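Shown next, in C-alpha cells, is the structure this report addresses.
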Amino acid sequence: DGGITQSPKYLFRKEGQNVTLSCEQNLNHDAMYWYRQDPGQGLRLIYYSQIVNDFQKGDIAEGYSVSREKKESFPLTVTSAQKNPTAFYLCASSISSGDYNEQFFGPGTRLTVL
Amino acid sequence: SQQGEEDPQALSIQEGENATMNCSYKTSINNLQWYRQNSGRGLVHLILIRSNEREKHSGRLRVTLDTSKKSSSLLITASRAADTASYFCATPPSGSARQLTFGSGTQLTVLP
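Going line by line, the protein sequences match chains A and B.
Per our numbering, residue 1 is the first one in the first sequence, and the count goes up by one each step.
Per our numbering, residue 1001 is the first one in the second sequence, and the count goes up by one each step.
Now the structure itself:
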C-alpha cells in the first residue's frame, strides 16, 4: 500500500447523509486519483487532481465532490445525491511529471449505505 | 469509457503451472500497465511496458505487447498460491497519458 493511507477502512452511512473519505500520501506526488470499484468489476475514475487547488471530473463524478487544498491530501465526499454509493473506494497517487507513471494505491475504504 | 478488457474473467490452475492472462484495448497507447489486487486490498503495480517494447520481464512475470493487434498478455510462470489475486491491465485514454483506464480484471486462483 506504499505511502498512501485511507480512512476509515469501513464506513456505514444512512441514506441522505454526506460522508467524507480521507486520503493522505507522503510520497510527494503531485497527482492524486479517486476510483470506485463495484464487486467483480474494474476501477472507474471519479475525480483526479494533477496539482494543488486543481481537480478534474472523471467518468462518474456525479454525486461526489473533492478538494485539494494540500499536496498530501485529497478527501472525497460522497453526497446524498449519489444514488448508489455502496462500493469500495480506492485512492491513488502518481508523480505528475512524465508520461509513464505508475499509480500507487491506498488500502481502500468500503462504504455501505444502510 | 472501457479501454482495456481482460480475458479470461476467471482462471484456476494448480501450483507450479503457468498462468496467462490477456488484455485487449481500443485506441493507440504509449504504455500499458499491469496491476494486481488481493481480495479487499488496494492495487499494486506489477509492470509497465511502453508502446515501442514487445516484451518485458520482471521476476516470474513476462509481459508482451502487440500494438498491431492492440493486445497484451501477462504470463506468470511457476505459479504459487500467493499469486491468487485479480489482475488488471490499465491504459491511458487517448490524449491523457497520466490517467489510466482499468479493465474488469482476471481473477486468478492458484490451488495448492
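Glycine included, C-beta positions come from ideal geometry on N, C-alpha and C.
Computed from a predicted model, the values in this text were never measured in an experiment.
- Using a Cβ-Cβ cut-off of 6 Å (strictly less than) and excluding sequence neighbours within five positions of Thr1109(B), which residues of its own chain qualify? Ser1012, Thr1084
- Mind the definition here: the stretch 1034 to 1045 of chain B touches the stretch 87 to 106 of chain A only if three or more C-beta pairs lie below 8 Å; say whether that holds. yes
- Query: Within 7 Å (strictly less), CB to CB, does Pro75(A) reach chain B?
  - Reply: no
- At least three beta-carbon pairs within less than 8 Å, the stretch 1047 to 1066 of chain B to the stretch 1016 to 1036 of chain B: yes
- Message: For Tyr100(A), would you say it is in contact with chain B, using Cβ-to-Cβ distances shorter than 7 Å as the test?
- Response: yes
- Task: Could you tell me if Leu1111(B) is buried or exposed, where buried requires 16 or more neighbouring beta carbons within 10 angstroms of its beta carbon?
- Result: exposed
- When burial is assigned at 16 or more other CB atoms within 10 Å of the CB, is Ile1076(B) buried or exposed? buried
- Proximal residues of chain B, C-beta to C-beta of Asn107(A) below 7 Å: In the sequence on display, residue 107(A) carries Pro and not Asn. Near Pro107(A) (Cβ distances below 7 Å), the residues of chain B are Arg1041, Gly1042.
- Message: Counting only Cβ-Cβ distances shorter than 8 Å, please list the residues of the stretch 1043 to 1061 of chain B near chain A, keeping chain order.
- Response: Leu1043, Val1044, His1045, Leu1048, Arg1050
- Message: Using a Cβ distance threshold of 8 Å, determine whether the stretch 1 to 20 of chain A contacts the stretch 69 to 79 of chain A, with at least three qualifying pairs required.
- Response: yes
- Message: Taking the beta strand (DSSP E) that Asp38(A) belongs to, which residues open and close that run?
- Response: Counting along the chain, Asp38(A) falls outside any beta strand (DSSP E), and DSSP gives it neither H nor E.
- Query: Taking one C-beta from the stretch 105 to 112 of chain A and one from the stretch 60 to 72 of chain A each time, how about it: are there three or more such pairs within less than 8 Å?
  - Reply: no
- Query: Looking only at its own chain, which residues have a Cβ that is under 6 Å from the Cβ of Ser1058(B), when we skip the five neighbours before and after it?
  - Reply: Ile1047
- Task: Below 8 Å on the Cβ atoms is my guess for Phe1088(B) versus Glu1005(B); work out the distance and round it to an integer in Å.
- Result: About 10 Å separates the two Cβ atoms, so there is no contact after all.
- Glu72(A) to Asn26(A), Cα distance in whole Å? 6 Å
- Message: With distance defined between alpha-carbon atoms, name the residue in Ile95(A), Phe55(A), Lys70(A), Thr112(A) nearest to Trp34(A).
- Response: Phe55(A)
- Task: Name, please, each residue of chain A whose Cβ falls closer than 9 Å to the Cβ of Ser1104(B).
- Result: Gly40, Gln41, Gly42
- Buried or exposed: which applies to Gly16(A), given that a residue is buried once 16 or more other Cβ atoms fall within 10 Å of its Cβ? exposed
- Message: Is the beta carbon of Ala87(A) closer than 7 Å to that of Asp38(A)?
- Response: yes
- Message: Would Asn1070(B) and Tyr1025(B) qualify as a contact pair, given that the criterion is a beta-carbon distance under 7 Å?
- Response: A small fix is needed here, since residue 1070(B) is Lys in this sequence, not Asn. In this structure, Tyr1025(B) lies closer than 7 Å to Lys1070(B) by Cβ.
- Item | Segment limits, beta strand (DSSP E) that includes Lys1056(B) | 1055 to 1058
- Item | Under 7 Å from the C-beta of Leu1100(B): neighbouring residues of chain A | Gln103
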